[in-house]
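Protein sequences, first through last, are from chains A and B.
Residues 194 to 653, numbered by the working numbering, are exactly what the first sequence covers, in order.
Residues 158 to 269, numbered by the working numbering, are exactly what the second sequence covers, in order.
For each residue, glycine too, the CB sits at the ideal point set by N, CA and C.
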Amino acid sequence: MSVATTTDLCYLIAAIGFILALKGLSSPRRARLGNLVGAAGMALAIGVTFFHPGLHHLGLILGAMAIGAVIGVPTARLVKMTAMPQMVAAFNGVGGGAAALVSVVEFLAIDTKLAPTYKIVEIAFGVVVGCVSLSGSAVAFAKLQELMTGRPITYPAQQVVNAVIGVAILGVALALFVSPSSTVLWILLALSLVLGAILVLPIGGADVPVLISLLNSATGLAVAASGFTIGSNLLIVAGTLVGASGILLTRMMSQAMGRSLPNILFSAFGAVITAGTAQGEADRSVRAGTPEDVGVLLAYSRKVVIIPGYGLAVAQAQHTARELADILADRGVEVFYAIHPVAGRMPGHMNVLLAEANVPYEELKEMDEANPEMATADVALVVGANDTVNPAAHTTPGSPIYGMPIINADQAGTVVFLKRSMRPGFAGIDNELLYDPKTVMLFGDAKDTLTKLVAAVSAA
Amino acid sequence: MNSILEYLTIFVLSAFIGIEVISKVPSILHTPLMSGSNAIHGVILVGAMLVLGSATTTTEEVLGFIAVILATLNVVGGFVVTDRMLQMFKGRVDERRPSGPDGSGGPGGSRP
Chain A
194 MSVATTTDLC YLIAAIGFIL ALKGLSSPRR ARLGNLVGAA GMALAIGVTF FHPGLHHLGL
254 ILGAMAIGAV IGVPTARLVK MTAMPQMVAA FNGVGGGAAA LVSVVEFLAI DTKLAPTYKI
314 VEIAFGVVVG CVSLSGSAVA FAKLQELMTG RPITYPAQQV VNAVIGVAIL GVALALFVSP
374 SSTVLWILLA LSLVLGAILV LPIGGADVPV LISLLNSATG LAVAASGFTI GSNLLIVAGT
434 LVGASGILLT RMMSQAMGRS LPNILFSAFG AVITAGTAQG EADRSVRAGT PEDVGVLLAY
494 SRKVVIIPGY GLAVAQAQHT ARELADILAD RGVEVFYAIH PVAGRMPGHM NVLLAEANVP
554 YEELKEMDEA NPEMATADVA LVVGANDTVN PAAHTTPGSP IYGMPIINAD QAGTVVFLKR
614 SMRPGFAGID NELLYDPKTV MLFGDAKDTL TKLVAAVSAA
Chain B
158 MNSILEYLTI FVLSAFIGIE VISKVPSILH TPLMSGSNAI HGVILVGAML VLGSATTTTE
218 EVLGFIAVIL ATLNVVGGFV VTDRMLQMFK GRVDERRPSG PDGSGGPGGS RP
């Protein structure tokens, strides 16, 4: 068998590995195995590429890979679990950048005067989509890492600006088909970088995970375009797999939030930002309680629902939360956790944290299962959640989260918020429930407050 | 068959497989799946290696070199992050350590 045939055969095996990986990743039991199968396929594909006939610059390739690995492995290993979504954004962005660069280099290498138009189309597509993914992911990373505000950033005539850039990209791409010069390609690249950034700016922090999924899908398509350009079946298969499944996944994620994708992408445009309805009355009073009072309240309740959010993750309070649930259960109080599908900063975030604290699986109730029980709960203990219990989702049609399913904490007899401050949640909007007469606020770090509550319940 | 048609065929079939293969995903797996497919498009590393390996001018070499670095980051970062996320799921079945009030020092993923 010739080297070329063996190589292609290995690429085929790698492609099958990727398909099985995606399949495995969509079921809880086989997810980890799926990821390993994908990694094995990747290792095979990379390994066999070294034997590609006529591959020069082996030293450069190995050097670049070493640099990438030295930066990538420690970063990925050491980053905190709470920072995972932005890591996905970062690694997605660099993939988009790589895809764009592969298209650029191929453009520089071929005789563009003789190249058929479809080749130029593939290159232009790869560069545009890859760059949009790169700069879009960079802005998404900055939002999640809180390097910039997580609120939607809007400015006058935003849609007009976006449309102008979009039309300019189309125009430059057409110019590239007519006269394929590298100068035109660089202009195209720069415009695409701008487009990616300005598309992401108006998207609110809570929606960013959905956006990352969309950009992930885009990178897949850019990789597929590069595959067309350099004539690699493996890149076409893998890129298209990611592109297609990514679009489906993006839809599922937005459905879990009760939003349509266009709504997430464009809701901040125009005059939708009426979220500040409560801003005129910013100094309304809230009821701040003491852990002792709340401890007694909890100890003599029949049913307590714990609603965890990002604050629980930040404070690493999952063990303390479980401790509180345990001593309440010992006193005969019925306790369960109500998990919003997008609580925290990634779907499944809370399940993962509470599983780590060995919270029994039966005590975790999904939103749909928990909501019918909220009206009979004596206390809703909201630990570091905010947007996912904000009744504005039901009551304020202008709110960015309007229509999102929430956990109906407002139906419980008493609502206790464990919060660091009165700062709004990740979506950047005020929460009426904080000012409700039946709400008690416990300010401070969630873990400290929970520790005090444990002591108060034991003493009660 | 002309090569562009051959590639288009592969593209269309892969698109259908991509949609078919993840028909139903529970919401707790959305993020790991996103991260896992993120790692898979790191296969652009193969493309980056090929263009750097056939680069003839300095510009091509420099751009190809950067492409290989970025693509490697995508591959290793993608798979490691996904594995760390999935590692946390098994905590539900086996008890690995007593859960004390001092659960600090980073979430479970920072364990070796």
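CA-to-CA distance, residue j to residue i, given in whole angstroms
i, j, result
"V582 (chain A)", "V498 (chain A)", "12 Å"
"S217 (chain B)", "I380 (chain A)", "Per the sequence shown, residue 217 (chain B) should be read as Glu rather than Ser. Those two C-alpha atoms are separated by around 18 Å."
"S614 (chain A)", "L574 (chain A)", "16 Å"
"L170 (chain B)", "L202 (chain A)", "18 Å"
"L237 (chain A)", "V230 (chain A)", "11 Å"
"I226 (chain B)", "S330 (chain A)", "17 Å"
"A390 (chain A)", "Q352 (chain A)", "14 Å"
"M567 (chain A)", "T607 (chain A)", "11 Å"
"M280 (chain A)", "Y493 (chain A)", "44 Å"
"V287 (chain A)", "A228 (chain B)", "7 Å"
"M191 (chain B)", "D486 (chain A)", "44 Å"
"V332 (chain A)", "L394 (chain A)", "7 Å"
"G193 (chain B)", "L454 (chain A)", "22 Å"
"I622 (chain A)", "V387 (chain A)", "28 Å"
"A471 (chain A)", "P590 (chain A)", "Its pLDDT being 40, under 50, A471 (chain A) is placed unreliably in this model, and the value from its coordinates should be taken loosely. Roughly 14 Å between the two C-alpha positions."
"A449 (chain A)", "S184 (chain B)", "7 Å"
"A196 (chain B)", "G488 (chain A)", "46 Å"
"Y204 (chain A)", "A197 (chain A)", "11 Å"
"F211 (chain A)", "A431 (chain A)", "7 Å"
"L337 (chain A)", "D580 (chain A)", "16 Å"
"E555 (chain A)", "L546 (chain A)", "15 Å"
"I316 (chain A)", "V297 (chain A)", "7 Å"
9 Å Cβ cutoff met for residue i and residue j
i, j, result
"P540 (chain A)", "P598 (chain A)", "no"
"I600 (chain A)", "A578 (chain A)", "yes"
"A437 (chain A)", "I174 (chain B)", "yes"
"P630 (chain A)", "N624 (chain A)", "no"
"M446 (chain A)", "P402 (chain A)", "yes"
"A292 (chain A)", "A214 (chain A)", "no"
"V650 (chain A)", "V633 (chain A)", "no"
"L458 (chain A)", "I358 (chain A)", "no"
"A383 (chain A)", "F318 (chain A)", "no"
"A434 (chain A)", "T239 (chain B)", "In the sequence as presented, Ala is not what sits at residue 434 (chain A); that position holds Leu. Taking 9 Å as the Cβ cut-off, L434 (chain A) and T239 (chain B) do not qualify as a contacting pair."
"I532 (chain A)", "E559 (chain A)", "yes"
Any C-beta of chain B under 9 Å from that of residue i
i, result
"S478 (chain A)", "no"
"L248 (chain A)", "yes"
"V332 (chain A)", "no"
"F244 (chain A)", "no"
"S220 (chain A)", "yes"
"A468 (chain A)", "Bear in mind that the predicted position of A468 (chain A) carries a pLDDT of just 40, short of 50, making it unreliable; the figure below should be weighed with that in mind. Chain B contact via Cβ: absent."
"Y311 (chain A)", "yes"
"A197 (chain A)", "no"
"E566 (chain A)", "no"
"A399 (chain A)", "no"
"I212 (chain A)", "yes"
"T412 (chain A)", "yes"
"L427 (chain A)", "yes"
"E562 (chain A)", "no"
"M235 (chain A)", "yes"
"N228 (chain A)", "yes"
"N579 (chain A)", "no"
"T305 (chain A)", "no"
"A302 (chain A)", "yes"
"P402 (chain A)", "yes"
"A652 (chain A)", "no"
Which residues DSSP lists as bridging residue i, in chain order
i, result
"I346 (chain A)", "For I346 (chain A), which the question treats as bridged, DSSP gives no partner whatsoever."
"A531 (chain A)", "A:K558"
"K612 (chain A)", "A:F636"
"P593 (chain A)", "Paired residue(s): none; P593 (chain A) is not in a bridge."
"I500 (chain A)", "A:V575"
"T607 (chain A)", "A:V572"
9 Å Cβ cut-off: residues of chain A touching residue i
i, result
"L186 (chain B)", "L218, S219, S220, P221, A224, P540, G541"
Contact list for residue i against chain A, beta-carbon separation under 7 Å
i, result
"L190 (chain B)", "L218, S219, L442"
"L230 (chain B)", "G261, I264, G265, F284, V287"
Closer than 7 Å at the beta carbon, the chain B residues around residue i
i, result
"I239 (chain A)", "L202, V203"
"N544 (chain A)", "I185"
"M341 (chain A)", "By Cβ distance, chain B contributes nothing, its closest Cβ being about 22 Å from M341 (chain A), past 7 Å."
Chain B contact residues for residue i, given Cβ-Cβ distances below 8 Å
i, result
"V298 (chain A)", "V208, L209, A212, E217, L220, G221, A224"
"F421 (chain A)", "I161, Y164, F168"
"G424 (chain A)", "S160, Y164"
Cross-chain neighbours of residue i in chain A, by beta carbon under 8 Å
i, result
"L162 (chain B)", "Correct list: empty, because the minimum Cβ distance to chain A is about 11 Å."
Contact set between residue i and chain B, taken where Cβ atoms lie within less than 9 Å
i, result
"A585 (chain A)", "The contacting residues do not exist; A585 (chain A) stays about 22 Å from chain B at best."
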